[in-house]
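Chemist:
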Amino acid sequence: MIEAPAKESLKEKVNRLERFIGNTPLLPIQNLVGNERVKLYAKLEWYQLGSSVKSRPAFNIFKTAIESDDLVEGKTLLDASSGNTAIAYATIGASLGIPVTICLPENASDERKKILNALGAKVVYTSKFGSTDEAQEKAQELVEKHPDEYFYADQYNNESNWKAHYHGTAQEIIKEVGNELTHFIAGLGTTGTFTGTGRGLKDFNENIKLVGLQPDNAMHGLEGWKHLETAKVPGIYDQQLADEIHEVDSFEAFEYLKRAAKEEGLMLSPSSAANLMGAIKVAEQIDEGTIVTVFPDNMDKYSELLKMLF
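Start counting the sequence shown at 367; every next residue gets the next number (the numbering used here).
The structure is reproduced here in structure tokens:
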């Protein structure tokens, strides 16, 4: 009689998935930088399970919680998100067999809503006027009412968020660019990418300049980004880390979205286009150097924007 194979444990499932997270390609930007002594590269973060930069922290949050037995079979992972982290949670949760509940502002794009539904995530909608700040409050309320039902991931305050980039993104950049690197540039949302990658790069070479990007006003069009002066600042954000903070105009970023398509063959999301714009503006201010930025995701979740712009 053939025995049935042993059931795979959560920890075994996590180990199996890990190789599908990170190790994204670093692409040279060929045509948008006018100074041949300045090199610009971008990490294409949609080349991993979950299809965005948020796959890194989402996976690390799952992994750490499972290894510490804070997230066990029968519990639901709960968090607030504006979209990409939600999709990463739902993708990884489906693969691990862990249910996911997301508190999501109701003005999230239709594509995001459809993807979350397809992945089996439960969505609790919050007001479009309250952004992810209100979504966090709703998640906190749910976990306080049902502490035995949920593991609250709390991405804005969870050190597993920035550590995913410290041990992953930063090390990948160092491996590919190494001592050539002079600048790292990234937008500020949950701030995990900037904080974790920035710390890892500074530990490698303290002379690398870290430039954080934020919207130029509270009523911006960059989904997932925060105008830190008017928003709730994530607990993981290290305010002493950035060498410079530059502001980004949303409408100008959309122009770079079109330029990236026509001049580089890249169909970028608004956040990726904003990072590209911020990096190019730094490139125009220096005589020579090597700049790396991150493209969090591509245009796949923005079909309405695609119709409007093209």
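Glycine included, C-beta positions come from ideal geometry on N, C-alpha and C.
I believe M643 touches E618 by the beta-carbon criterion, under 8 Å. Please report the beta-carbon distance rounded to the nearest angstrom.
Modeler: Locating residue 643 in the sequence shown gives position 277, where the first residue counts as 1. Locating residue 618 in the sequence shown gives position 252, where the first residue counts as 1. Rounded to the nearest angstrom, the Cβ distance from M643 to E618 is 6 Å, consistent with a contact under 8 Å.
Chemist: Looking at C-beta atoms only, is the number of pairs between the stretch 532-540 and the stretch 494-508 that lie closer than 8 Å three or more?
Modeler: no
Chemist: Closest to G553 by CA distance: which of T561, Q580, Y532 and L567 is it?
Modeler: Here residue 553 refers to the residue found at position 187 of the sequence shown. When each option's Cα is compared against that of G553, the closest is Q580.
Chemist: Is the beta carbon of L589 less than 8 Å from the beta carbon of P636?
Modeler: In the sequence shown, residue 589 corresponds to position 223, counting from 1. In the sequence shown, residue 636 corresponds to position 270, counting from 1. This sequence places Glu at residue 589; Leu is not what is there. A contact, by the Cβ cut-off of 8 Å.
Chemist: Can you give, in chain order, each stretch of the beta strand (DSSP E) that sits fully within the stretch 460-517 and has at least 3 residues?
Modeler: 466-471 and 488-492
Chemist: Our contact map puts V648 next to I551 with C-beta atoms below 8 Å; I'd like the distance itself, whole angstroms only.
Modeler: Locating residue 648 in the sequence shown gives position 282, counting from the first residue. Locating residue 551 in the sequence shown gives position 185, counting from the first residue. Sure, about 6 Å apart at Cβ, within 8 Å.
Chemist: Would you kindly work out how many angstroms separate the C-alpha atoms of E542 and L392, rounded to a whole number?
Modeler: Within the sequence shown, numbered from 1, the residue matching residue 542 stands at position 176. Within the sequence shown, numbered from 1, the residue matching residue 392 stands at position 26. Between E542 and L392, the C-alpha separation is close to 8 Å.
Chemist: As a quick exercise: from R422, T492 and K480, pick the residue whose alpha carbon is nearest that of A454.
Modeler: In the sequence shown, the residue the question calls residue 454 occupies position 88. Ranking the options by Cα distance to A454, first place goes to R422.
Chemist: What are the boundary residues of the beta strand (DSSP E) that includes L410?
Modeler: One-based indexing of the sequence shown puts residue 410 at position 44. L410 -> beta strand (DSSP E) spans V404 to L410.
Chemist: Answer yes or no: do G555 and W528 have a C-beta to C-beta separation smaller than 8 Å?
Modeler: Indexing the sequence shown from 1 puts residue 555 at position 189. Indexing the sequence shown from 1 puts residue 528 at position 162. No; because the gap between Cβ atoms is not below 8 Å, this pair is not in contact.
Chemist: When you compare the CB positions of T390 and E411, do they come within less than 8 Å of one another, or not?
Modeler: The residue you call residue 390 lines up with position 24 of the sequence shown. The residue you call residue 411 lines up with position 45 of the sequence shown. In contact: T390 and E411 (Cβ atoms closer than 8 Å).
Chemist: So is V599 buried or exposed if we call it buried at 16+ other beta carbons inside 10 Å?
Modeler: For the purposes of this step, residue 599 is taken as the residue at position 233 of the sequence shown. Burial call: exposed.
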